[in-house]
Amino acid sequence: MTKSLIAESQELTRAVQLIKLGARMAVLEAETSLSHERLVRLHREVTGQSPSKGQLPYSTDWFMAWQPNIHSSLFMNIHERLDKSIALAPIDLLMKAWELYREELRTLDVEPMLSITRAWRLVKFVDSDMLCLTACTQCGGHFVTHTHEWGPGFKPYVCGLCEPPARAGKSKRAGAIH
Ligand SMILES: [Zn+2]
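Heads up: the sequence shown is residues 0 to 177, going by numbering that gives the first Met the number 0.
Right under this line is the structure:
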């Protein structure tokens with residue numbers, strides 16, 4: 000079976016967009032049906048460099064650390080809001096939400112801590128019900144947490160903004176969102 004040229008051109012466009020946003024090969028391979036060789040070639044054409052090798056070692060733990068959690072939560076809130084307001088293919092929704100996340104940080108003069116690849120992993124973890132958004136019992140904001148850890152019968156959830164870790168003050172807030 001040959002793919003239609005239109006479908007293929009759509010996949011190429013998506014792959015180029017993802018590469019421009021800094022996505023790793025694992026994302027490109029999972030989200031397009033383009034061959035590894037073509038993706039490597041495309042990556043070289045777009046960035047002038049070969050894609051970085053290596054695994055994606057991300058467990059859910061990264062998203063729980065203090066600052067990453069704030070970034071992840073901001074992204075996930077944008078993602079959910081967007082998902083409710085426009086119908087987009089999941090990968091297009093991811094890219095749009097990540098661009099909005101980056102944009103929001105730019106207005107705060109903060110570097111994005113959550114790469115597009117991590118954002119992709121995060122959405123996968125939420126889809127597979129390993130992570131979810133939980134409301135903070137103090138500020139009411141929604142934050143990324145492990146699923147089945149909070150709620151009735153558990154300790155009330157308090158977010159990292161309401162209860163920053165003790166060492167938080169020292170790191171002078173690189174990448175911090177207030
Ligand atoms: Zn809170």
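For glycine and all other residues, C-beta sits at the position ideal for the given N, C-alpha and C.
At a cut-off of 6 angstroms, the beta-carbon of Gln-137 counts as near ligand 1: some heavy atom of the ligand is closer than that. DSSP places Val-109 outside both helix and strand once states are collapsed to three, so it counts as coil.
Here the segment 62-82 does not lie against the segment 28-45, with fewer than 3 beta-carbon pairs under 8 angstroms apart. If you check the C-beta of Cys-161 against ligand 1, you find a heavy atom less than 6 angstroms away.
In the three-state reduction of the DSSP assignment, Phe-153 falls in the coil class.
Remark: C-beta atoms of Ala-22 and Ile-90 do not approach each other more closely than 7 angstroms. About 12 angstroms separates the Cβ atoms of Val-26 and Leu-33, ruling out a contact at the 8 angstroms cut-off. In the three-state scheme derived from DSSP, where H, G and I count as helix and E and B as strand, Ala-14 is classed as helix. Straight across, the Cα-Cα distance linking Thr-12 with Trp-65 is about 35 angstroms.
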